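Asks:
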Amino acid sequence: MDIERIHTPVMLERTLELLAPALDRDGAVFVDATLGMGGHTAAVLERFPGATAIGLDRDTDALAIARERLAPFGDRARFVHTVYDGIADAVHREGFDEVDGILFDLGVSSLQLDRAERGFAYAKDAPLDMRMDSTRGRTAADVIAEYSEEDLRRIFRDYGEEKLAARYARAIVRAREVAPITRSGRLVEVLHEATPVAVQRAGHPAKRVFQALRIEVNEELAVLERALPAALDLIAVSGRIVVLAYQSLEDRLVKRVLAAASSSTAPPGLPMELPEHRPQFRLLVRGAELASESEQAENPRAKPVRLRAAERVRRPS
Numbered sequence: 001m002d003i004e005r006i007h008t009p010v011m012l013e014r015t016l017e018l019l020a021p022a023l024d025r026d027g028a029v030f031v032d033a034t035l036g037m038g039g040h041t042a043a044v045l046e047r048f049p050g051a052t053a054i055g056l057d058r059d060t061d062a063l064a065i066a067r068e069r070l071a072p073f074g075d076r077a078r079f080v081h082t083v084y085d086g087i088a089d090a091v092h093r094e095g096f097d098e099v100d101g102i103l104f105d106l107g108v109s110s111l112q113l114d115r116a117e118r119g120f121a122y123a124k125d126a127p128l129d130m131r132m133d134s135t136r137g138r139t140a141a142d143v144i145a146e147y148s149e150e151d152l153r154r155i156f157r158d159y160g161e162e163k164l165a166a167r168y169a170r171a172i173v174r175a176r177e178v179a180p181i182t183r184s185g186r187l188v189e190v191l192h193e194a195t196p197v198a199v200q201r202a203g204h205p206a207k208r209v210f211q212a213l214r215i216e217v218n219e220e221l222a223v224l225e226r227a228l229p230a231a232l233d234l235i236a237v238s239g240r241i242v243v244l245a246y247q248s249l250e251d252r253l254v255k256r257v258l259a260a261a262s263s264s265t266a267p268p269g270l271p272m273e274l275p276e277h278r279p280q281f282r283l284l285v286r287g288a289e290l291a292s293e294s295e296q297a298e299n300p301r302a303k304p305v306r307l308r309a310a311e312r313v314r315r316p317s
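The sequence shown runs 1 to 317 under the UniProt record's numbering.
#1: Does the contact criterion of 3 or more C-beta pairs under 8 angstroms hold for the region 227–246 versus the region 197–204?
#2: Which whole-angstrom value describes the C-beta separation of Asp251 and Arg306, a residue pair presumed to lie in contact below a C-beta threshold of 8 angstroms?
#3: So the candidates are Arg154, Arg240, Gly160; which of them puts its Cα closest to the Cα of Val31?
#4: Are the beta-carbon atoms of Ala33 and Leu45 separated by less than 8 angstroms?
#5: The alpha helix (DSSP H) spanning Ile102 covers which residue range?
#6: Out of curiosity, what's the CA-to-CA distance linking Met1 and Gly36?
#7: Could you check whether Ala310 and Leu258 sit closer than 8 angstroms to each other, using their CB atoms as the reference points?
#8: Can you tell which of Thr41, Arg47, His40 has the C-alpha that lies nearest to the C-alpha of Pro21?
#9: Smallest Cα separation from Arg154: which of Lys207, Gly50, Pro304, Leu213?
#10: In the structure shown, what three-state DSSP assignment does Ala195 receive?
#11: Alpha carbons only, please: which of Arg78, Thr195, Lys124 is nearest the one belonging to Arg170?
#12: Give the straight-line distance between the Cα atoms of Glu193 and Tyr122, rounded to the nearest whole angstrom.
#13: Near Ala245, which residues of its chain fall below 6 angstroms by C-beta distance, leaving aside the five closest residues on each side in sequence?
#14: Just to confirm the assignment, what range does the beta strand (DSSP E) spanning Ala310 have?
#15: What number of angstroms, rounded off, separates the C-alpha of Glu220 from the C-alpha of Gly27?
#16: Distance check for His92 and Arg278, CA to CA, integer angstroms please.
#17: Beta-carbon within less than 7 angstroms of Arg176's beta-carbon, same chain only, minus the 5 sequence neighbours each way: which residues are those?
#18: Which one of Lys207, Ile102, Ala261 has the shortest CA to CA distance from Tyr159?
#19: Please report the distance separating the alpha-carbon of Ser264 from that of Ile181.
#20: With DSSP as the reference, identify every bridge partner of His204, one or two as the case may be.
#21: Could you tell me the boundaries of the alpha helix (DSSP H) in which Ala42 lies?
#22: Is the Cβ-Cβ distance between Arg308 and Val243 less than 8 angstroms?
#23: To which residues does DSSP link Ile235 through a beta bridge?
#24: Going by DSSP in three states, Met1 sits in which element: helix, strand or coil?
#25: Nearest-angstrom Cα distance between Gly287 and Arg256?
#26: Under a three-way DSSP split, which group does Glu289 fall into?
#27: Please state the DSSP three-state secondary structure of Thr60.
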């Protein structure tokens, strides 16, 4: 497998630039909370020779590839099979109380999209799986088979921001009464048949439904909501966090958490801000940064990305 060909890390140089002040020293500890095939981590270990990296991933296939890719770095690269809301336990098990840099590269990976049998891509017929950790949990086929029409409508609306959520949920319930929907190709057919022709011209009718199913199967938003505060608690003074989000639901959650961490907690009307009320973090970018036009042209995965970053500050005593 040509890893370099199938996996181009998104916004790599900008990520390294933001992490550099925290990682460019001996003994620095970096956590890649979404290791994937290890592209970002390989670049970190090359750029910062004094750093140790801890890579987390729930996908055993990705971990196997990353282990092979990062083998030349020896014990500077460590690996933990876990969902990223287990970041604190993973770091402590590796013998560290705090870390200097953390990266979250959210969303579905190139590996998961490119392997048809994983069922993530609506353009490829495959079993409806969509589990990032294929060793455990319910599949997308289970959701399609077992959820009520109301619950299907809810996840399509809330996680896919799909305007036709009710129409699609109704169509799926009717279709599964005739025969189980177990493959992505059949689900796409059902959605296509339920989509008005005018709407079909605006984009593939399955895109938002598949996103919603993936988020539900992997509990992505709930996991992220637990993981971000746990990650911030691990960061040492002058340590940094970078988050790459690919859809608006994730980005809004990241924005809210980082905004809270970088804001004063002083009650309104307090005449003087006490040290314990000072913000713990400062934002490193204004708003969310986008990939450059040239990177978007070279790497289609970079088109929707939103980058946010923050640094832990020392509170005055």
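In this text, a Cβ means the ideal position worked out from N, Cα and C, and glycines have one as well. Remember, predicted model here, so these are calculated numbers, not experimental data.
Replies: According to the structure shown:
#1: no
#2: Yes, Asp251 and Arg306 are in contact; Cβ-Cβ is about 5 angstroms, under 8 angstroms.
#3: Arg240
#4: no
#5: Unbroken run through Ile102 is the beta strand (DSSP E), 99–105; no alpha helix (DSSP H).
#6: Model confidence at Met1 stands at a pLDDT of 47, short of 50, so the residue's coordinates are unreliable and nothing is read from them.
#7: yes
#8: Arg47
#9: Leu213
#10: Residue identity check: residue 195 is Thr in the sequence provided, not Ala. Of the three classes helix, strand and coil, the one that applies to Thr195 here is coil, per DSSP.
#11: Thr195
#12: Taking the straight line joining both Cα atoms gives about 15 angstroms.
#13: Leu106, Asp251, Val254, Arg306
#14: 306–312
#15: 32 angstroms
#16: 27 angstroms
#17: Ile144, Ala145
#18: Lys207
#19: 51 angstroms
#20: Its beta-bridge partners do not exist; DSSP assigns none.
#21: 39–47
#22: yes
#23: Val99
#24: Annotation note: pLDDT 47 at Met1 (below 50); position unreliable, coordinate value reported separately. Three-state result, Met1: coil.
#25: So the alpha carbons of these two residues sit roughly 11 angstroms apart.
#26: Three-state result, Glu289: strand.
#27: helix
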